[in-house]
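*Asks:* Going down the list, the sequences are from chains D and A.
With UniProt numbering as the guide, the letters of the first sequence map in order to residues 1 to 595.
With UniProt numbering as the guide, the letters of the second sequence map in order to residues 1 to 595.
Beta carbons: idealized from backbone N, C-alpha and C, even for Gly.
There are 2 protein chains.
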Amino acid sequence: MAQLRIALAQVNPTVGDLDGNADLIVEWSRRAADAGAHLVAFPEMTLTGYPVEDLALRSSFVQASQRALEKVARRLADAGLGDLPVVVGYLDRRSVSLVRAGQPAGSPLDAAAWLHGGEVLVRSAKHHLPNYGVFDEYRIFVRGDRLPVVRVHGVDVATVVCEDLWQDGGPVGVTATAGAGLLLALNASPYERDKDDVRLELCARRAREAGCALAYVNMVGGQDELVFDGDSVIVAADGTPLARAPQFVEHLLVADLALPAADPAREPGRTPVEALDGTTITVERHVLTPDPVPAYDVLPQEAAEPLDGLAEVYGALVTGTRDYVRKNGFRSVILGLSGGIDSALVTTIACDAIGPENVHVVLLPSRYSTDHSVSDAEELVKRQGVASRLVPIRGMVDAFEAELELTGLAAENLQARVRANVWMGLSNQEGHLVLTGGNKSELATGYSTLYGDSAGGFAPIKDLVKTMVWALARWRNAAVGRDLPFLHPFEAEPIPEAIIVKEPSAELRPDQKDRDTLPPYDVLDPLLVDYVERDMGRDALVAAGHDPALVERVIRLTDLAEYKRRQYPPGPKVTPKNFGRDRRVPITNRWRETT
Amino acid sequence: MAQLRIALAQVNPTVGDLDGNADLIVEWSRRAADAGAHLVAFPEMTLTGYPVEDLALRSSFVQASQRALEKVARRLADAGLGDLPVVVGYLDRRSVSLVRAGQPAGSPLDAAAWLHGGEVLVRSAKHHLPNYGVFDEYRIFVRGDRLPVVRVHGVDVATVVCEDLWQDGGPVGVTATAGAGLLLALNASPYERDKDDVRLELCARRAREAGCALAYVNMVGGQDELVFDGDSVIVAADGTPLARAPQFVEHLLVADLALPAADPAREPGRTPVEALDGTTITVERHVLTPDPVPAYDVLPQEAAEPLDGLAEVYGALVTGTRDYVRKNGFRSVILGLSGGIDSALVTTIACDAIGPENVHVVLLPSRYSTDHSVSDAEELVKRQGVASRLVPIRGMVDAFEAELELTGLAAENLQARVRANVWMGLSNQEGHLVLTGGNKSELATGYSTLYGDSAGGFAPIKDLVKTMVWALARWRNAAVGRDLPFLHPFEAEPIPEAIIVKEPSAELRPDQKDRDTLPPYDVLDPLLVDYVERDMGRDALVAAGHDPALVERVIRLTDLAEYKRRQYPPGPKVTPKNFGRDRRVPITNRWRETT
């Protein structure tokens, strides 16, 4: 056996920020070197950020990524880090490309490179391209066909990229054939509820398949609708977990591994291998340092505990909100605070994300607002210490009504739109990003006003059903005092109990309650989860025990609300399906599950 | 040679309207029978409409399509049309499917069927799946691997679907091997400027490759952002055009063809053939009627002239608007009429699409509106006969300003948002669809107000640069009296000359002009076309002769406006790239073409 100290740099790059991401690579490589690592690996597409979507088709962007890679290799050497092998994901292209209709322009590659001695030692690219859910990679990438195996201190280390682990056949099987001692997987694997367990099992299975230890480095941070949770992990050849990084923070996971020494008879060169998926993959061997390091004392193993269910979701929401604000160049946010649970939770998430001193709320009472709405909102302002102002909307609504005869729903929507005008105006005047408070239950059923309460730049809880909103509010209050990296240190419960227990109301007409329009949330929400997240049809929903009349009603509401959902701002995705680009149904569609 | 009278039913189905689309199939099959046709073909996915996007992944929808196909076969027989072979596109699934990560759930197929004698004779599916631009079909379909060859009155007729023509290898080459006498191609090929010429050349090339005549039937009508222009065509084995249908109207193209008689030695059965694209396609032969029909007198050939450039674009805009309104269940539209060119053109398009009696406009003068804005708008109302009302916004703006200190851009945006509140309120009250008037030049550069002038349900001219708006306004005035199916019979020029010649202004502050903020449109627009539609990078733009400083400025504006574009309603797509789902760039993106 040979000893190897590896470092997995679980970092948070920004899409398109080539200079900033290069700085990250140099800085975390330095930390790895300081920790005595023999090798450091970064996530998939660290240099460009992920996902780059159609930017991959812009030739100037691909060239910028290629140039940035060469430059970061030189910078590492100039910084005295030339001896440390650095494995990093970036965007490249196939140099000899087939020009064919339907092939992505310029044949881009979701690539990985080994940097060493100021140069790019070897380049490879993701072989299996995901093309489902949030992924559309057949659109922007062509597949890689190479497996690098690099000998580092006498250990043969192979590298693959993300989806290569999720599909059968391809580079993982070839790794076994190639007899590697360690498989490094570079990932940008988005967070979904309970995905951590799935990933750990997958890593264990693929390690056994590859016949060697597997080191899985994942991205962390938010990018538009996606949140990456980190949770990087190392497993032994038999699938046993060896080390694990915490979720939702940048982290350097350093681990000492005892790995099989490479067979010296395996010499540098290229060998094509059948990949058992109808393709051929070329194993490309390099030798950096042929001999094992002298024996040394190992570090204690680090094994972060994965977060429990609600903590994990809350962490994803805070991370998504923080990075959307920050990476889009904002420092502060503004939102309407109604006294209801949704805007209360969004305010709390915003405080946890960017600090109460950067959170601005507006209380916008109308003639239908109850006294407790205003007083509950004021109590929350006091507890959280956010900047607050009161803008009564009565005069503005009156001015519209002087010119227009609006009744019923039109009159209700007017109030919601007047409120949106106020927060958009303050956003334009003062430069805050507008947060909007809609949840998935109201978004799915269309229980919101287009250009009203749905208006804004980012929707932190758009992927939470209402019962989850309550559960997270209670969780957050109970979490006061816990040492989690995504919580602001409030000293008392940030959300007044009165806001959590009150009956939900839009307060757009006298005595209005959500239940006048919608089924009770504890009945509605499980049905929405089955319909929207599991894509179950009418018959399957009824068979699963949902009330047939309710199924008809909710499907009708949900299918009709499609247009409104299309106009909704991004928000963090925490469930397997949300609304947005991973559920694409035509707006014009006459087919109904129900008749 | 054998004679065959074929009918191509260029129809306009609606996505999801299985019953309505089945009615179309029965009705147009009846027309084909009445015209003495021996065979009728419908476009790709006629039974379901196209594109169905993620509806293809909903198992209940696939089943509904399969059942609807069986039912329409029986209905045709019940209507006495059982002897007429009917070839129709629908949604099916592969019965034995590989369950693998990343494969579309349920293995859906973009299928085609031959209906005859009340039954489904043979089923096949699109082999080449487009996955670029507006298409993402790797996401929702698996590929077909069968080529039906059906003997009809002694002629072997093969069928393929749309993209099968656009890619090399696959079913077209196999058609030659199979020795077919006619290749039927079922299409839903979206309109793009000047695509008609490309398609005709493609058909000629593929006919020569298949070694037989080719009949190309295309969908017509609008579906969300896509517009199908029809333009169905038949070419001889040497590529010579034989018949052509008009654009933007439903049409039955009937043509008498003299085709090679089938070799009787080729008997029914299945034969696998190498498809020269790495796959195998099974030729499935059927014999319906082995012997040629007795000689008969042929009909005169029909050859519609394709429309000239501007007429074609205008036809696409009217068709897209008409079908978006109608297919979404609206009868009328409402929009703000400013006195400027954009809202004037949109009003005219709306009148052409659904008639002036269904078009409602609102004049919303502010303190900065010029007198000529109101009088020019009133002149247009008079010429077009639309329903008009005047709602001054001064009082509403004053009411906001009484509560908020808004200056500069925030104050300008407020006015635009107050206007949007008015038309959204009237829409909610009276049930009209809101049209919005933004053009591609202002959309690209961000020169519009989110939730203000950009608010609405459909954006008819979102894919036109400003100079094109002017050109189409002049074209429409000059087209008075022309007999085109997408023009309302105005007796005089519908757009006042004063509106066309005035200098563009948003009129949100005193003496404001577009040129205060934007470069002149005759300089800006060609640059936007190169950057947005051709995806050229900075260096390429400069090399193409654009002013370097302007390139820097416009790229900066355009990249920063990404978020606003995401919130924009659909509109017809008439250029190869527009904004919307066929240009997907992350909202959070720090990379700039310029520094």
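Could you give the distance in angstroms between the alpha-carbon of Val-142/D and the alpha-carbon of Gln-10/D?
*Replies:* Straight-line Cα distance between these residues: approximately 26 Å.
*Asks:* According to the Cβ coordinates, are Thr-48/A and Leu-91/A closer than 7 Å?
*Replies:* yes
*Asks:* Quick check for students: name the residue ranges of the beta strand (DSSP E) that lie wholly in the segment 307-365 of chain D, counting only runs of 3 or more.
*Replies:* 333-336, 359-363
*Asks:* What residues match up with Gln-3/D in a beta bridge as DSSP calls it?
*Replies:* Ala-258/D
*Asks:* If we ignore side chains and look at the alpha-carbon of each, how far apart do Asp-297/D and Asp-256/D end up?
*Replies:* 9 Å
*Asks:* Taking Thr-588/D as the reference, give the member of Glu-137/D, Lys-564/D, Tyr-191/D with the closest Cα.
*Replies:* Lys-564/D
*Asks:* DSSP puts Asn-413/D in a beta bridge; with which residues?
*Replies:* Paired residues: none, contrary to the question.
*Asks:* Verify whether the separation of the beta carbon atoms of Leu-472/D and Tyr-324/D is less than 7 Å.
*Replies:* no
*Asks:* Round the Cβ separation of residue 596/D and Val-15/D to the nearest angstrom and send it over; I've been treating them as touching at under 8 Å.
*Replies:* In the structure displayed, chain D extends from 1 to 595; residue 596/D sits before or after that span and is not available.
*Asks:* Identify the continuous beta strand (DSSP E) that holds residue 601/D and give its terminal residues.
*Replies:* For residue 601/D there is no data in the structure shown, the boundaries of chain D being 1 and 595.
*Asks:* With a CB to CB cut of under 8 Å and the five nearest residues on each side skipped, what residues in its chain are close to Val-120/A?
*Replies:* Leu-69, Glu-70, Ala-73, Ala-113, Trp-114.
*Asks:* Run the CB neighbour count on Ala-402/A, radius 10 Å, all protein chains shown included, and call it buried at 16 or more, exposed below.
*Replies:* exposed
*Asks:* Report the three-state DSSP secondary structure of Ser-454/A (helix, strand or coil).
*Replies:* Here Ser-454/A sits in coil by DSSP.
*Asks:* Check Ala-479/D in the structure and name its three-state DSSP category.
*Replies:* Secondary structure of Ala-479/D (DSSP, three-state): coil.
*Asks:* Of the residues that make up the segment 316-334 of chain A, which ones have a beta carbon closer than 8 Å to any beta carbon in chain D?
*Replies:* Asp-323, Tyr-324, Lys-327, Asn-328
*Asks:* Evaluate contact between the segment 148-157 of chain A and the segment 185-193 of chain A, counting only Cβ atoms and requiring at least three cross-stretch pairs below 8 Å.
*Replies:* no
*Asks:* Val-220/D touches chain A at which residues, Cβ-Cβ below 7 Å?
*Replies:* Neighbours of Val-220/D on chain A: none; closest Cβ ~15 Å, over 7 Å.
*Asks:* Along chain D, in chain order, which residues have C-beta atoms closer than 8 Å to that of Pro-460/A?
*Replies:* What Pro-460/A touches in chain D: nothing, since even the nearest Cβ is about 15 Å away.
*Asks:* Spell out whether any CB of chain D is found under 7 Å from the CB atom of Gln-223/A.
*Replies:* yes
*Asks:* Where are the alpha helix (DSSP H) runs, 4 residues long or more, that stay fully inside the segment 546-592 of chain D, in chain order?
*Replies:* 548-560, 562-566
*Asks:* Compare the C-beta of Arg-143/A against all C-beta atoms of chain D and say whether one is closer than 7 Å.
*Replies:* no
*Asks:* Using only alpha-carbon positions, find the residue among Arg-394/D, His-488/D, Val-87/D that is nearest to Val-359/D.
*Replies:* His-488/D
*Asks:* Relative to the alpha-carbon of Ala-158/D, which residue among Gly-144/D, Ala-176/D, Gly-169/D, Asp-168/D has its alpha-carbon at the smallest distance?
*Replies:* Ala-176/D
*Asks:* What are the boundary residues of the beta strand (DSSP E) that Asp-229/A is part of?
*Replies:* 226-229
*Asks:* How big is the Cα-Cα spacing for Pro-548/A and Gly-537/A?
*Replies:* 12 Å
*Asks:* Using the DSSP secondary-structure output, state which residues sit across from Ser-124/D in a beta bridge.
*Replies:* Under the DSSP definition of a beta bridge, Ser-124/D partners with Ala-112/D.
*Asks:* Give a yes or no on whether 7 Å exceeds the smallest Cβ distance from Gly-425/A to chain D.
*Replies:* yes
*Asks:* Within this structure, are the beta carbons of Thr-575/A and Asp-483/A separated by less than 7 Å?
*Replies:* no
*Asks:* Under DSSP, the alpha helix (DSSP H) around Gly-239/A begins and ends at which residues?
*Replies:* Unbroken run through Gly-239/A: none, as it is neither H nor E.
*Asks:* Have a look at Asp-196/D and Gly-320/D and give me their C-alpha separation to the nearest angstrom.
*Replies:* 17 Å
*Asks:* Would you say Phe-400/D faces chain A, with C-beta separation under 7 Å as the test?
*Replies:* At least one CB atom of chain A sits nearer than 7 Å to the CB of Phe-400/D.
*Asks:* Can you tell me whether Thr-159/D is helix, strand or coil according to DSSP?
*Replies:* strand
*Asks:* Taking any Cβ of chain A, which residues in the segment 434-445 of chain D have a Cβ under 9 Å from it, in chain order?
*Replies:* none
*Asks:* Alpha carbon to alpha carbon, how far is Glu-201/A from Gly-211/A? Give it in angstroms, no decimals.
*Replies:* Approximately 15 Å between the Cα atoms of the pair.
*Asks:* Check the Cβ of Thr-429/D against every Cβ in chain A and list those closer than 9 Å, keeping chain order.
*Replies:* Residue identity check: residue 429/D is Gln in the sequence provided, not Thr. In chain order: Leu-404, Glu-405, Leu-406, Thr-407, Gly-408, Leu-409, Ala-410, Ala-411.
*Asks:* Closer than 7 Å, CB to CB, is Thr-271/D near chain A or not?
*Replies:* With 7 Å as the cut-off, Thr-271/D does not count as an interface residue toward chain A.
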